[in-house]
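Residue numbers (this note's numbering), protein chains in the order written: chain A, 1 to 239; chain B, 1 to 412. Heads up, the beta-carbon is just placed ideally off N, CA and C, and yes, glycines get one too. Here the structure is laid out as structure tokens; the discussion comes afterwards.
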Amino acid sequence: MSLIVAQNIQKDYQVGDVLVQALRGVTFDIAPASFVAFVGPSGSGKSTVLNLIGCLDKPSAGKLIVADTEVARLDREESASFRGSHLGFIFQDFNLMPVLTVYENIEYPLIMVQDVPAAERKDRISRLLDAVDMSGQAGKYPYQISGGQKQRVAVARALVTNPSLVLADEPTANLDSQTAYAVINLMKRMRDELNTTFIFSTHDQKIVGEAEVIYRLVDGQLENGNSPGNNTKGGTLHA
Amino acid sequence: MLNLFKIAIRNLLRYRRRTLMTASLIAIGVIFVLVFVAIAGSFKLMMIGQITDSMLGHLQIHRKGYVASIDNLPLNLTMKPSAYKKMVTVLESSTDVDAFSPRLKFGGMFSNFTETTNIRLNGVYPEREFRTVPLLADRIPEGKKTLERGEIIVPILLAKGLKVKTGDPVVIVATNADGSVNGKQFKVVGVLESATGPGGRDGYIHIEDAAEVLRMSEPQVSEVAVRLKKFDRLSTAASSINGKLSGEVNKEGTPIFEVHTWEQLSPFFNIARMIDVMTFFIRITLIAIVLISIMNVMIMAVYERIREIGTIAAIGTLPRRILSMFVIEGFCLGITGAVIGNLIGGAIIGIVNLVGIRFNFGQQKGLLLEASLAPGEMIAVSIIVILVAVAASLQPAFKASRMDPIEALRHV
Ligand SMILES: Nc1ncnc2c1ncn2[C@@H]1O[C@H](COP(=O)(O)OP(=O)(O)O)[C@@H](O)[C@H]1O
Ligand SMILES: [Mg+2]
């Protein structure tokens, strides 16, 4: 069973009189517990793909099924609760809530998105704090910690709701390369422990090597068509 | 819910100065309303009390047509004894009536044996009159505060003009209903300070003396002043008494009595109304202040936090949660302003009472202003402020809840 099935998806944007074709028929298939990267130059359509998988936007054409759900059919409210129950998000700019502590940032989705009872909240958060090695900074506010630490907190926040899929659009773009590696490896380790699928995008060739499945986007299309050799699960592919 | 409040308060504290300024603005508005309501309201009640309790009574009953020519004090429009008895039954059976006082009013001449002038007189049963208009006694600074037969209480302007003191003999001359003239000597037992409003410069004699001067076999009644147990039941009591009395009709089938509240008899009622209108507009101003300041702050808050809104929306926060997050922020701001305003407003009113502000009203000097604030007023103002604060944050909050996560996340 695939976690994600994308068949010939297209995404057009109307900008004034111009039709921008951000995705021109993209087909792929992602199995559960994969560690996937979408790679490509700026403007190639990486964010568009991740937004569509992330149920933040809808394809103009084609079929997209995420966790057995045809996402195009969901309305605003349903999309929000689908994201809340199945997906986790990691952002390029970390996007932690500045008024909440590290602990409270991880707790946020458990209270505001899911209604998880207090005892279980505490349990899950402390386990994740340990896993991302932030137990010592639980009471700090985002402005008091480094970028790498923020992104580790963001990883914990994305995982705390036990999602089947975590989406990370350029999660390392604002980190130095060493920290970037550390964050990607943390994500990979979490995949190993929790079997959560991770999909990230990057234009950084060094990071790409950490992915197990790599999709290369150029001008809204997957490179080499959709040849099966390009998305072999489990193997590391280098360009 | 508790957590939404926690987030709201943290966000408010994030822009401490702005929050403080907005809350202060609301607090100042609340203080303004409370202090105005307390002082103007108390002033109004005291004025009404001065008018009703020193002369007018809460309401008055006359024979139909008397009030239209009340300035002439007509003697041909007194109540018939049988009609008066029926009215007494109605008043005595009413649970609203505390006391009532029948009066025989007439105009005459007042003489100190060297000079003569006009006087308007009330013939009254002294104990009943003093019970119905309790401030009457306060208006007699010199002399005794009772009235026996053969005695007269004279208004101060007249006493001064004719140099009359307590103990002096004076003569009252009056024309009775038939047109013949009669006179009687009285002893001055009191000098009466003026009261604001109609009848505030009348003299008082015993009703039986009045009947004697006017050559009536028994005292007739031209006016009945009524005091109610509860002043705030004025209109209900007046209409209930009016309802019972309107059953009394003459041969032509028209009612024989007319009931007027003090509001219809005293021009001061219009001033009291003005105070109410001003209070109303001050309340509207408060609402405008709260509405504009909260809306302004919340629009800024939403604008500044577009990316945060995008983040929480992306990770699955439902639109209505986002809406309530911002509405609660406005609510907290409103409640803070209301609480501070109530505390400071209450303190100011306390200080006003402690200092003891005195003022003059007509001839009455040095009345002590007792500013009082009903808890209901504080609660009402607070509820208005909080409701308006919530209403003002609804639009920005709704905008936040409808934001598209992708666009919001891309916002710089
Ligand atoms: N909301 C939008 N309106 C118009 N054009 C857009 C919009 N979002 C993306 N695009 C266009 O779609 C293409 C792909 O964008 P994007 O997916 O953001 O690329 P990447 O993330 O790989 O840099 C680009 O040409 C971009 O200009
Ligand atoms: Mg992008």
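- Listed along chain B, the residues sitting closer than 7 Å to Met97(A) by beta-carbon distance are Glu308.
- Using a cutoff of 8 Å, the CB of Lys46(A) counts as near ligand 2, since one of the ligand's heavy atoms is closer than that.
- Proximity to Glu142(B) across Thr166(B), Tyr15(B), Lys229(B) peaks at Thr166(B), based on C-alpha coordinates.
- Taking the Cα of Lys206(A) as reference, the smallest distance to any Cα among Ile184(A), Arg121(A), Arg191(A), Arg189(A) is reached at Ile184(A).
- Phe82(A) has a beta carbon lying within less than 9 Å of a beta carbon in chain B.
- Of the candidates Ala174(B), Arg273(B), Gly57(B), Gly316(B), Gly57(B) places its Cα closest to the Cα of Glu129(B).
- Across the stretch 4 to 20 of chain B, CB contacts with chain A closer than 7 Å involve Ile7, Arg10, Asn11, Arg14, in sequence order along the chain.
- Looking only at Met378(B), Ala338(B), Ile256(B), the smallest Cα-Cα distance to Pro81(B) is reached by Ile256(B).
- Judged by DSSP in its simplified three-state form, Phe280(B) adopts helix.
- Of the candidates Tyr84(B), Met278(B), Val388(B), the residue whose Cα lies closest to the Cα of Phe100(B) is Tyr84(B).
- Look at the beta carbons and you see the stretch 246 to 253 of chain B not touching the stretch 262 to 269 of chain B: under three pairs across the two are nearer than 8 Å.
- Within the same chain, Met325 come within 7 Å of Ile7(B) by CB-CB distance, once the 5 residues on both sides are set aside.
- One finds nothing in chain A with a Cβ atom closer than 9 Å to the Cβ of Leu34(B); even the nearest lies about 33 Å away.
- For the stretch 63 to 90 of chain A, the set of positions with a beta-carbon nearer than 8 Å to some beta-carbon of chain B reads Arg76, Glu77, Ala80, Ser81, Phe82, Arg83, Gly84, Ser85, Leu87, Gly88, Phe89 in chain order.
- Annotation for Asn242(B): Val259 place their beta carbon closer than 6 Å to its own, counting only its chain and skipping 5 residues before and after.
- As DSSP reads the structure, Met109(B) sits in a beta bridge with Asn118(B), Val173(B).
- Under the three-pair Cβ rule at 8 Å, the stretch 44 to 63 of chain A counts as touching the stretch 6 to 16 of chain A.
- Set against 8 Å, the gap from the CB of Glu170(A) to the closest heavy atom of ligand 2 is smaller.
- Scanning Leu158(B), Arg63(B), Asp178(B) for the CA closest to the CA of Ser222(B) turns up Arg63(B).
- Between the stretch 129 to 143 of chain A and the stretch 87 to 107 of chain A there are three or more inter-stretch CB-CB distances shorter than 8 Å, so the stretches are counted as touching.
- Between Met1(A) and chain B, the shortest Cβ-Cβ separation is not below 9 Å.
- Rounded to whole angstroms, the separation of the alpha carbons of Ile28(B) and Asp57(A) is 47 Å.
- At a Cβ-Cβ threshold of 9 Å, Leu192(B) and Arg120(B) do not count as neighbours.
- His86(A) sits in a helix when the DSSP states are folded into three classes.
- Less than 9 Å separates the beta-carbon of Phe91(A) from that of Asp169(A).
- In the DSSP annotation of this structure, Lys63(A) is not part of any alpha helix (DSSP H); the continuous beta strand (DSSP E) holding it starts and ends at 61 to 66.
- Gly366(B) counts as exposed, since fewer than 16 other beta carbons sit within 10 angstroms of its beta carbon.
- Val35(B) is positioned such that its CB atom lies closer than 9 Å to that of Ile349(B).
- Shown in chain order are the members of the stretch 107 to 129 of chain A whose Cβ falls below 7 Å from a Cβ of chain B: Pro109, Ile111, Met112, Val113.
- Counting only Cβ-Cβ distances below 8 Å, Asn51(A) has contacts in chain B at Ile406, in chain order.
- With a threshold of 9 Å between beta carbons, Thr311(B) makes contact with chain A.
- Your pair Ile275(B) and Ala40(B) checks out as a contact, with CB atoms roughly 5 Å apart and the cut at 8 Å.
- Within chain B, the residues placing a beta-carbon under 7 Å from that of Asp57(A) are Ile406, ordered along the chain.
- Proximity to Gly316(B) across Arg83(A), Tyr13(A), Val26(A) peaks at Arg83(A), based on C-alpha coordinates.
- In this structure, Ser235(B) lies away from Met295(B), with their beta-carbon atoms at least 9 Å apart.
- Per the DSSP secondary-structure output, Met79(B) pairs in a beta bridge with Val221(B).
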